[in-house]
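A.B. asks:
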Amino acid sequence: MTNQPSCAIVIFGATGDLAKRKLFPSLYNLFKNGNLSHRFSVVGVARRKWSNDYFRERVIEAVQEASGETVSEEEARSFSEHFYYHPFDVTDTASFTSLKQLLDQLDHTYDIPNNRLFYLAMAPEYFGTIALHLNEAELTNVDGWKRLVIEKPFGHDLPSAEILNDQIREVFKEEEIFRIDHYLGKEMVQNIEVIRFANAMFEHLWSNRFIANVQITSSESIDVGDRGHYYEKSGALRDMVQNHMLQMVSLLAMEPPINLSTEEVRGEKVKVLRSLRKITKDDVDQYVVRGQYGPGEVDSTEIKGFRENEKVTDESNTETFVAAKLMIDNHRWAGVPFYIRTGKSMTVKSTQIVIEFKDLPMNLYSQQHVSLGKNLLTIHIQPDEGITLQMNVKKPGSNGETTPIAMEFSKKSALKMNSPEAYERLMHDCMLGDATNFTRWDEVAYSWRFIDPIAEHWQVKKEAFPNYAAGTMGPEAADQLLAADGFHWWPIKNVENNTVVSGKALDDQ
Ligand code: BG6
């Protein structure tokens with residue numbers, strides 16, 4: 030299979046933020062690095078009445094803004110010449126007919142073998158309508174392949190996700206639908222499988238026999254900014270937990286697939302989601318903690334509370350933070366809590382996974398009243414990428430005293446490269462037809478099935494918000510969730526120098 034796919038890419042919502050910040054720069058990198066054939070076209074579709082020239086200038090601007098290094102003017106121009114703009118009304122059939130004419134013509138101009146990628150980067154309420162119109166106007170009637178890339182949110186609960194899925198399935202087969210979860214494009218999220226299945230030393234220990242608990246933190250220091258309107262309805266549970274957090278849980282907990290093919294990997298992941306212990310309305314308070322930030326300080330800058338956001342109501346009951354204890358009721362994981370937490374306006378931006386191993390059955394050193402550090406495997410997803418393994422060694426110069434040290438592997442310093450952006454990788458996969466790192470329908474369905482009872486409970490039960498100050502790691506109840514089991518959150522650390530960026534340092538534990 031060629032590594033340089035040739036296709037027409039239609040971006041619905043081409044004047045939006047996602048197209049500008051992620052899609053154009055990712056396509057540019059693919060183009061620059063020879064991962065995209067020169068036989069391609071991009072048609073930007075949106076309501077505004079832009080011209081091709083104006084659109085191309087915006088594309089060049091976006092590429093330049095995204096790139097830390099200077100982009101060659103000539104290369105950026107030759108890239109932007111593949112871009113066309115098509116002003117559009119989603120509900121008007123004539124818009125689709127003229128889009129088809131444009132695409133047919135561009136296939137001819139660029140010698141594209143009638144392959145089409147439709148990227149829906151716009152308000153989800155139009156996803157179904159667009160799919161139906163694409164079909165009616167025969168835009169999906171192609172000699173090559175057709176694929177639909179769909180951004181989240183994929184519904185706001187199970188029934189709405191089912192309706193949406195039925196609509197798009199009338200036009201696209203499951204294997205033609207690429208539901209994006211951009212966390213699956215992150216270098217270190219993809220590394221979870223490699224760490225587990227390519228190393229003899231971890232997989233044997235990867236179970237309730239040796240692991241005490243697993244902690245996944247995805248904290249953000251930014252507040253909801255101008256996304257208040259969307260966020261007020263979504264909240265952290267739907268925005269982050271239903272997708273990114275549960276996807277990371279699946280990768281950490283899945284059984285080894287029989288091979289790395291798309292369906293085998295996704296088949297194993299879905300089994301984890303099926304094994305999640307259901308959290309009923311009656312046990313939400315025992316397993317899940319929600320928070321909403323009030324005023325505070327992040328990085329010495331004063332931040333207003335969530336309710337002060339102009340697009341949010343004064344008495345908003347929406348959560349901007351979630352911590353939860355997930356139990357996976359299968360043979361491998363019975364009894365091991367998977368703690369997750371995520372939120373806005375927290376101390377730092379960081380995604381980190383900590384695997385805490387159980388203590389040794391007999392501890393010679395603690396008999397001497399010397400406490401042993403825990404063995405921890407930390408996978409640093411972002412901003413720094415790497416792995417640390419904490420173990421105990423002899424304290425230099427001492428007589429039988431131990432001290433915890435961390436063995437670090439920082440991807441950036443070891444491999445001397447910047448990882449490609451998640452979107453770059455995912456767009457490339459999609460053009461190559463590899464859906465492994467996209468969410469299959471049953472994964473979406475099981476995730477909503479897990480989330481819905483929690484969301485429903487929260488909708489009717491008000492919480493005393495705000496309950497954490499901006500710039501902190503969430504409400505106290507999130508600490509108590511672990512304390513009740515005899516655990517605590519491990520600090521967020523920087524992999525390159527092993528310094529604590531949030532939480533208590535090792536010595537204070
Ligand atoms: C998105 C959420 O899916 O993920 C955002 O809608 C969130 O609210 C973002 O900020 C976080 O992504 P990342 O890659 O910055 O961790």
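Residue 538 is where the sequence shown ends in this note's numbering, and the numbering goes up by one at each step.
A virtual CB, placed ideally from N, CA and C, is assigned to each residue, including glycine.
(1) Below 8 Å on the Cβ atoms is my guess for W477 versus G45; work out the distance and round it to an integer in Å.
(2) Could you name the residues of the same chain whose beta carbon sits closer than 6 Å to that of W174, not counting the 5 residues immediately before and after it, in chain order?
(3) Relative to the C-alpha of W519, which residue among Q419, I480, R336 and G426 is closest?
(4) Ends of the alpha helix (DSSP H) at F479?
(5) In angstroms, rounded to a whole number, what distance separates the CA positions of G73 and P324?
(6) Who are the Cβ neighbours of N164 in its own chain at under 6 Å, not counting the five residues just before and after it?
(7) Could you tell me the alpha carbon to alpha carbon distance between N359 and S304, rounded to whole angstroms?
(8) My guess is that P116 and K78 are in contact by the Cβ rule of under 8 Å, so how many angstroms apart are they, rounded?
(9) Leaving aside the five residues before and after D536 along the sequence, list all residues of the same chain whose C-beta is less than 7 Å from its C-beta, in chain order.
(10) On the premise that R469 lies in contact with R295, defined as a C-beta separation below 8 Å, what is that separation, rounded to the nearest angstrom?
(11) Can you give the Cα-Cα distance for D343 and R336, rounded to whole angstroms?
(12) What residues in its chain sit with their C-beta under 6 Å from that of I382, if we drop five residues either side in the sequence?
(13) Which of the three DSSP states is assigned to R306 in this structure?
(14) Got a sec, what are the start and stop residues for the alpha helix (DSSP H) K61 sits in?
(15) Going by DSSP, which residues form a beta bridge with Q381?
(16) Excluding the five sequence neighbours on either side, which residues of its own chain have a C-beta within less than 6 Å of the C-beta of N58, listed in chain order?
(17) Roughly how many angstroms separate the alpha carbons of F386 and N242, rounded to a whole number?
(18) In the structure shown, what three-state DSSP assignment does E167 receive?
(19) Classify Y83 as buried or exposed, calling it buried when 16 or more other Cβ atoms lie within 10 Å of its own Cβ.
(20) Taking the Cβ atom as the reference point for each residue, do V524 and G415 lie within a distance shorter than 9 Å?
(21) Once the 5 residues before and after K522 are set aside, which same chain residues still bring their CB inside 6 Å of it?
(22) If you follow the beta strand (DSSP E) that Q321 is in, where does it begin and where does it stop?
(23) Are the CB atoms of G264 and E339 within a distance shorter than 9 Å?
(24) Where does E472 land, buried or exposed, given buried means 16+ other C-beta within 10 angstroms?
(25) Sort Y475, D136, L47 and G426 by Cα distance to Q271 and report the nearest one.
C.D. replies: On the basis of the coordinates in this document:
(1) Position 448 of the sequence shown, counting from 1, holds the residue named residue 477. Position 16 of the sequence shown, counting from 1, holds the residue named residue 45. Actually they are not in contact, since the Cβ atoms of W477 and G45 sit about 25 Å apart, beyond 8 Å.
(2) Looking up residue 174 in the sequence shown gives position 145. N144, listed in sequence order.
(3) Walking along the sequence shown from the start, residue 519 turns up at place 490. Nearest option by C-alpha distance: Q419.
(4) Your numbering for residue 479 matches position 450 in the sequence shown. Residues W470 to V489.
(5) Taking the sequence shown and counting its residues from 1, one reaches residue 73 at position 44. Taking the sequence shown and counting its residues from 1, one reaches residue 324 at position 295. Rounded to whole angstroms, G73 and P324 show a C-alpha spacing of 40 Å.
(6) To locate residue 164, count along the sequence shown from 1; it is residue 135. The beta carbon of N164 sits closer than 6 Å to the beta carbons of V200 from its chain, once the five residues preceding and following it are set aside; these are given in chain order.
(7) If you number the sequence shown from 1, residue 359 lands on position 330. If you number the sequence shown from 1, residue 304 lands on position 275. Taking the straight line from one Cα to the other gives about 6 Å.
(8) Taking the sequence shown and counting its residues from 1, one reaches residue 116 at position 87. Taking the sequence shown and counting its residues from 1, one reaches residue 78 at position 49. Approximately 5 Å separates the beta-carbon atoms of P116 and K78; this is inside 8 Å, confirming the contact.
(9) Locating residue 536 in the sequence shown gives position 507, counting from the first residue. Model confidence at D536 stands at a pLDDT of 41, short of 50, so the residue's coordinates are unreliable and nothing is read from them.
(10) By 1-based counting over the sequence shown, the position of residue 295 is 266. By 1-based counting over the sequence shown, the position of residue 469 is 440. The beta-carbon distance between R295 and R469, rounded to whole angstroms, is 5 Å. This is short enough to meet the 8 Å contact definition.
(11) In the sequence shown, counting from the first residue as 1, residue 343 sits at position 314. In the sequence shown, counting from the first residue as 1, residue 336 sits at position 307. For D343 and R336, the distance between alpha carbons rounds to 5 Å.
(12) Position 353 of the sequence shown holds residue 382. For I382, same chain residues with a beta-carbon under 6 Å away, outside a window of 5 residues either side, are I245 and I408 in chain order.
(13) Sequence index remark: in the sequence shown, residue 306 carries index 277 (1-based). Coil at R306, not helix or strand.
(14) The residue you call residue 61 lines up with position 32 of the sequence shown. F53 to K61 is the span of the alpha helix (DSSP H), which, as asked, contains K61.
(15) The residue you call residue 381 lines up with position 352 of the sequence shown. Bridge partners of Q381: T246 and H409.
(16) Taking the sequence shown and counting its residues from 1, one reaches residue 58 at position 29. Within the same chain, Cβ atoms closer than 6 Å to the Cβ of N58 are found at E453, the five residues on either side in sequence being excluded.
(17) If you number the sequence shown from 1, residue 386 lands on position 357. If you number the sequence shown from 1, residue 242 lands on position 213. About 7 Å.
(18) Translated into positions along the sequence shown, residue 167 becomes position 138. In this structure, E167 counts as coil in the three-state DSSP scheme.
(19) The residue you call residue 83 lines up with position 54 of the sequence shown. Result: exposed.
(20) What you label residue 524 is simply residue 495 of the sequence shown in a count that begins at 1. What you label residue 415 is simply residue 386 of the sequence shown in a count that begins at 1. Yes, they are a contact pair.
(21) Sequence index remark: in the sequence shown, residue 522 carries index 493 (1-based). Closer than 6 Å at the Cβ level, and outside the excluded window around K522, lie V529.
(22) Mapped onto the sequence shown, residue 321 falls at position 292. Taken as a continuous stretch (DSSP letters only), Q321 belongs to no beta strand (DSSP E), as it is neither H nor E.
(23) As a first step, residue 339 must be located in the sequence shown, where it is residue number 310. As a first step, residue 264 must be located in the sequence shown, where it is residue number 235. Contact: no.
(24) As a first step, residue 472 must be located in the sequence shown, where it is residue number 443. Buried, because 16 or more other Cβ atoms sit within 10 Å of the Cβ of E472.
(25) Your numbering for residue 271 matches position 242 in the sequence shown. That would be Y475, whose Cα lies nearest to the Cα of Q271.
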